[in-house]
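Enquirer: Shown below is the structure under consideration.
In our numbering, the protein residues as written are -11 to 800.
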C-alpha cells in the first residue's frame, strides 16, 4: 500500500491563544482526510465567509512542498531536501477566475498531448472563496517555474496572478473541508519512488540545484555553529549524491594537523554514501555520541579508502560529520586505515567496481565554468550521460500506453516489465495483411518473438493470464475450425481405402498451434493460415525442439530467423501423395519462458547466427529472501470488456499503416544507438541494436493502432524504455558469450557490457592514455588510431598535436 504523507500543522488550531505557524509534523493522507471531514472545520469556513475574518488564522494548514521538516520546525533552515513532494499549489486569488481556472485545469489534465496531462492532483476552494490547484511539478522544473508554466498553460498572466510568497519552499496553505474539494486525482499525495525519483533528483543536480530544486547553499562550518542536515531515512546512492551541499573550506589552523582537505564533490559524496549504504548504516549514526567511531570504521571497511584519497575523504567528513570530523579519535581512525589497509594495487571487489563506474559520471557533469550541465540529453549522448541501456536495468515508465496499462493492471509490480514485453506476440497475431514501412524502406509485419528468462521460482507464469485474455477471440474461432477438421478426419477414417474421400475443408485457419508440433504440421498450419500469424506459448524454450527436423537438426533456429525476415520462404517437398508439400512465408509469433542458465545453454551454439538479435528478451528481478508473496488482481468480465476495443482495432487494421511519429522515433533511436556504439567501441552492442530498434518500432506501430491511430508521449516513452530494456537483457545474458565467440580466447571481456571510453578519459589526453583505456576494457591497441579518427570526425574531440587530444563540449 502506498504511504501518502504530508507536512501538516496540528497545533495551530488546537490552541487559539498561541500562534504555532512555525510547526508542521508528518501526517498520513488518511489523517488529513479525517481532519477535512470535521464538522467544526466546515463551520469555521462558513463563519469566515460570513465575515468573521479572524477565524482564518485558526484554520489548520498543510505544507504542500514537503512531507517533513527537521524537528517539526517549519522554516527554510529546517528543510529536509529528501522530503520534497514534487508538488506545488497554484493560488487563484481572483474569485472571478476560479471557476474558469478549475475547468481549464481539468481540460489540460485530460489532454494526452499536453505537458500537464494527468498532472493536476487536487482542486479546492479556499476559505474566502478563492482557488487552490495542486499540481505535480514536471521533471527538472523548480516550484516557481512549474507555477508560471501552469498559469501560462491555463491562459493566465503569471506575473499578475502570482507573487513571490507563492514560491517559498516552506510555504503553507490553509485547508478547508472536504465539501470544498472539487477534484481529487488518484495520485493525490502519492509519493515519487524508484527510478523516477532518482531521475527527478538527478535532473535538479544537473542544473546545479539541490534535490528539491532549491539553490545549493554553502554548509556552515562547525566554527560558525551550523548543524548538518540529516534526513530521517537512509539515502539511496543518487539521493545522497544529489543532496550534497557545497563544502566549506577547511578550518583555519587545522591544515597542518589534518593535512590537505579537498572540498567534497558530488562524486566523492556519492562514493561515501554508497559505502554507508553497503554497510547498512544511515546518516544519523555519524552524529550519535558513542556510535560515530564504529560507524565510520564500518564505512571505511567496505571500501571507502580504496575509492577515495585521504584528502577526499576528509572533505566528505567535513560535510557528513560537520560537528565531529576534526575530533582526534576520528582523525586517528582515518590515519590508521590509510596507513595500514590502503593498497592501490589491491583488486577491487564487485561492489567497489560498480561504485567506481557510476561515480565517474560526476566528473562529467560540470561544464567549463564548473556549473552543472542541463541533464536533458537522451541515451545516445553517451559522452555526457551514464544512463545507457547497458549499465542498469531500465525502470518501466509510470505512465503507460492505455492497452499496456490495462494488461498490466492486475499484475504485481515486480512482474509488470516482463508482462509489458510479453503481450506483443499475442497482440501482433491479431493483425492480418498489415505492414509497416521501416526507416530502411523495408516493409515489416508485426512479428514478435519473446523469451522470458528468470530464475527458478521467479514467477514466470505471470504472463499467462494477460495472454489468455488477448487470445480469447482467436481461440474461439480456432475452436470452430478444429471441430470442422475433427469431423472431416472422422469422416475420412470411416471410409475404406478404395472409397472416394472428401477433400480437406477450405478455410481451416487455426492460428494457435501446439508447441510440440512437428515440422510438417507447422508447414501445413502455415499454409492454411491464409497469411494470418500462427501463435504458440511455450512453458519451456526447449519445446521448440520439436521443429528441429532430424535428431541433430537445427531447423527451429532457422524458423526463428526466417519469421523475423519479411517475405521469407520456407517449406518442404515430399514424394508421397499423403505427405505435406508446401512453400510458405513464415508468420509466427510466440512466447517462451526459461531459466537464465538454461536459456544461455539453449542459444550457446547460435550466438552469432541471428536468433538472439531477432528475439525480444525480458526478465524478472530476483526478490529479496523472505519477501511477501506477490498478489494478482482479478481478470473478470469488466477486464475483457475494457480490452475488447483494443483487440477490435487490431482486427480492423488493413494494408500499409504509416505512423510518422514512430518513424521519426525509430530514426532517432537508431542514431542514438549508433553514437553509443561508436563511443563504447562495442561491436556486439551495435549488432544487437539494429534489430532491437526494429522490434521497438513495431511495438510503437501496434500501440498506435490500439490507441485508435493517435500518438501519445506515453507510447514514445514506453518504446524508448522497451528498447533499452531489450538491449540490457541481451547484453546481460549473452553479451559476454557473443564477445567470446567473436574474439580470440585470450582476449579479456567485460560482463557489464560496453563502456563509454570517451567518458573514462580526462579532458585532455594523449594517444597513450587512449591505448590504456582500450586495454583496460579488453580491447587491443591496434584500433586506437581508428577510434580517435572517428571521434575527431564526429566532433567529439579536437586533435591538438600528433598524439594529444581535447574533448569538445557539445553545443546544445
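Quick reminder that beta carbons are idealized off the backbone N, C-alpha and C, glycines included. This one's a predicted model, so the numbers in the text were calculated from it and none came from an experiment.
Please say whether residue 684 and residue 667 have beta carbons closer to each other than 8 Å?
Expert: Here residue 667 refers to the residue found at position 679 of the chain shown. Here residue 684 refers to the residue found at position 696 of the chain shown. No, the Cβ-Cβ distance between residue 667 and residue 684 is not below 8 Å.
Enquirer: Would you call the CB atoms of residue 601 and residue 679 closer than 8 Å?
Expert: Taking the first residue of the chain shown as position 1, residue 601 is located at position 613. Taking the first residue of the chain shown as position 1, residue 679 is located at position 691. In this structure, residue 679 lies closer than 8 Å to residue 601 by Cβ.
Enquirer: Taking the alpha-carbon positions, what's the residue 65 to residue -3 distance?
Expert: As a position in the chain shown, residue 65 is number 77, starting the count at 1. As a position in the chain shown, residue -3 is number 9, starting the count at 1. Looking at the two C-alpha atoms, the distance is approximately 18 Å.
Enquirer: Taking the CB atoms as reference points, tell me whether residue 53 and residue 157 lie closer together than 8 Å.
Expert: As a working note, residue 53 is residue 65 in the chain shown. As a working note, residue 157 is residue 169 in the chain shown. Yes.
Enquirer: Return the CA-CA distance between residue 619 and residue 398, expressed in angstroms with no decimal places.
Expert: Residue 619 sits at position 631 when you count from the first residue of the chain shown. Residue 398 sits at position 410 when you count from the first residue of the chain shown. If you take the alpha carbons of residue 619 and residue 398, they lie about 9 Å apart.
Enquirer: How should residue 80 be labelled, buried or exposed, when 16 other C-beta atoms within 10 angstroms of its C-beta is the threshold for buried?
Expert: The sequence position of residue 80 within the chain shown is 92, counting from 1. Buried is the call here.
Enquirer: Short of 7 Å in beta carbon distance, which residues of its chain neighbour residue 428, apart from the five on each side in sequence? Order them along the chain.
Expert: The residue labelled residue 428 in the question sits at position 440 within the chain shown. The answer is none, since no qualifying residue turns up.
Enquirer: So the candidates are 607, 60, 410, 765; which of them puts its Cα closest to the Cα of residue 724?
Expert: Residue 724 sits at position 736 when you count from the first residue of the chain shown. Residue 765 is the option with its Cα nearest to residue 724.
Enquirer: What would DSSP say about residue 336, mapped onto helix, strand or coil?
Expert: By 1-based counting over the chain shown, the position of residue 336 is 348. In this structure, residue 336 counts as coil in the three-state DSSP scheme.
Enquirer: Please classify residue 524: is it buried, with 16 or more other beta-carbons within 10 angstroms of its beta-carbon, or exposed?
Expert: Residue 524 sits at position 536 when you count from the first residue of the chain shown. Flag for residue 524 reads buried.
Enquirer: Between the C-alpha atoms of residue 337 and residue 744, what's the straight-line distance to the nearest angstrom?
Expert: Taking the first residue of the chain shown as position 1, residue 337 is located at position 349. Taking the first residue of the chain shown as position 1, residue 744 is located at position 756. Each residue's alpha carbon lies about 21 Å from the other.
Enquirer: Would you check if the stretch 644 to 655 and the stretch 689 to 701 touch, i.e. whether three or more CB-CB distances between them fall below 8 Å?
Expert: Short answer: they touch.
Enquirer: For residue 53, which of helix, strand or coil comes out of DSSP?
Expert: Along the chain shown, read from residue 1 onward, the residue named residue 53 stands at position 65. The answer is coil: DSSP assigns residue 53 none of H, G, I, E or B.
Enquirer: Over what stretch of residues does the alpha helix (DSSP H) that includes residue 450 continue unbroken?
Expert: In the chain shown, the residue the question calls residue 450 occupies position 462. It is not in any alpha helix (DSSP H) - residue 450 carries neither H nor E in the DSSP assignment.
Enquirer: Kindly indicate which three-state DSSP category residue 743 falls into: helix, strand or coil?
Expert: For the purposes of this step, residue 743 is taken as residue 755 along the chain shown, with counting starting at 1. In this structure, residue 743 counts as coil in the three-state DSSP scheme.
Enquirer: Would you report the Cα separation of residue 98 and residue 303, rounded to the nearest angstrom?
Expert: In the chain shown, residue 98 corresponds to position 110, counting from 1. In the chain shown, residue 303 corresponds to position 315, counting from 1. Distance between the alpha carbons of residue 98 and residue 303: 49 Å.
Enquirer: In angstroms, rounded to a whole number, what distance separates the CA positions of residue 886 and residue 252?
Expert: The structure shown does not extend to residue 886, since the chain is modelled only from -11 to 800, so the question has no answer here.
Enquirer: Apply the 10 Å Cβ neighbour rule to residue 507 and answer buried if 16 or more other Cβ atoms are within range, or exposed otherwise.
Expert: Residue numbering aside, residue 507 sits at position 519 when the chain shown is read from its first letter. That one is buried.
Enquirer: Out of curiosity, what's the CA-to-CA distance linking residue 802 and residue 161?
Expert: Because the chain is modelled from -11 through 800, residue 802 falls outside the range shown and cannot be assessed.
Enquirer: What is the rounded straight-line gap between the Cα of residue 142 and the Cα of residue 117?
Expert: Here residue 142 refers to the residue found at position 154 when the chain shown is read from its first residue. Here residue 117 refers to the residue found at position 129 when the chain shown is read from its first residue. The alpha-carbon atoms of residue 142 and residue 117 are separated by roughly 19 Å.
Enquirer: Going by Cα to Cα distance, which pick from 106, -6, 186 is closest to residue 177?
Expert: Against the chain shown, residue 177 aligns to sequence position 189. For the residues 106, -6, 186, the minimum Cα distance to residue 177 belongs to -6.
Enquirer: On the CB-based measure, 16 or more other CB atoms within 10 Å of its CB, does residue 787 come out buried or exposed?
Expert: Taking the chain shown and counting its residues from 1, the one referred to as residue 787 is at position 799. Burial call: exposed.
Enquirer: Using 8 Å as the threshold, is the C-beta distance between residue 707 and residue 426 below it?
Expert: Here the question's residue 707 lines up with position 719 in the chain shown. Here the question's residue 426 lines up with position 438 in the chain shown. No, the pair does not count as a contact, with Cβ atoms beyond the cut-off.
Enquirer: Just the C-alpha distance for residue 728 and residue 704, rounded to the nearest angstrom, thanks.
Expert: Start at 1 with the first residue of the chain shown, and residue 728 comes out as number 740. Start at 1 with the first residue of the chain shown, and residue 704 comes out as number 716. Answer to the nearest angstrom: the Cα atoms are 35 Å apart.
Enquirer: Based on the DSSP output, what are the partners of residue 531 in its beta bridges?
Expert: Here residue 531 is taken as the residue at index 543 of the chain shown, counted from 1. Note: residue 531 sits in no beta bridge, so no partner.
Enquirer: Given a cut-off of 8 Å, decide if residue 204 and residue 259 are closer than it, judged by their beta-carbon atoms.
Expert: Residue mapping note: residue 259 aligns to position 271 of the chain shown, counting from 1. Residue mapping note: residue 204 aligns to position 216 of the chain shown, counting from 1. The answer is no: Cβ separation not under 8 Å.
Enquirer: Taking DSSP as the reference, what is the three-state secondary structure of residue -6?
Expert: Along the chain shown, one-based indexing puts residue -6 at 6. Strand, per DSSP.
Enquirer: For residue 96, collect the residues of the same chain with a Cβ closer than 6 Å to its Cβ; drop the 5 residues on either side in sequence, then sort them by chain order.
Expert: In the chain shown, the residue the question calls residue 96 occupies position 108. Excluding sequence neighbours, residue 96 sits near 102, 104, 141.
Enquirer: Taking residue 384 as the reference, which of 546, 755, 402 has the closest Cα?
Expert: Taking the chain shown and counting its residues from 1, the one referred to as residue 384 is at position 396. That would be 402, whose Cα lies nearest to the Cα of residue 384.
Enquirer: With DSSP collapsed to three states, give me the class of residue 515.
Expert: Indexing the chain shown from 1 puts residue 515 at position 527. It is helical.
Enquirer: Would residue 392 and residue 529 qualify as a contact pair, given that the criterion is a beta-carbon distance under 8 Å?
Expert: On the chain shown, position 404 is the one that residue 392 refers to. On the chain shown, position 541 is the one that residue 529 refers to. Taking 8 Å as the Cβ cut-off, residue 392 and residue 529 do not qualify as a contacting pair.
Enquirer: If you measure from the beta carbon of residue 317 to each beta carbon in chain B, is any gap under 8 Å?
Expert: This model lacks chain B altogether; it includes just one protein chain.
Enquirer: What are the start and end residues of the alpha helix (DSSP H) that includes residue 689?
Expert: Stepping through the chain shown from its first residue, residue 689 is reached at position 701. Here the alpha helix (DSSP H) through residue 689 covers 671 to 694.
Enquirer: Going residue by residue through the stretch 137 to 186, where are the continuous beta strand (DSSP E) segments of at least 3 residues, counting only ones entirely within it?
Expert: Those beta strand (DSSP E) runs which fall completely within the stretch 137 to 186 and span 3+ residues are 169 to 172.
Enquirer: Which residue from 389, 459, 106 puts its Cα closest to that of residue 415?
Expert: Numbered from 1 along the chain shown, position 427 holds the residue referred to as residue 415. Of the listed residues, the one whose Cα sits closest to residue 415 is 459.
Enquirer: Tell me whether residue 8 sits in a helix, a strand or coil according to DSSP, three-state version.
Expert: The sequence position of residue 8 within the chain shown is 20, counting from 1. Correct three-state label for residue 8: coil.
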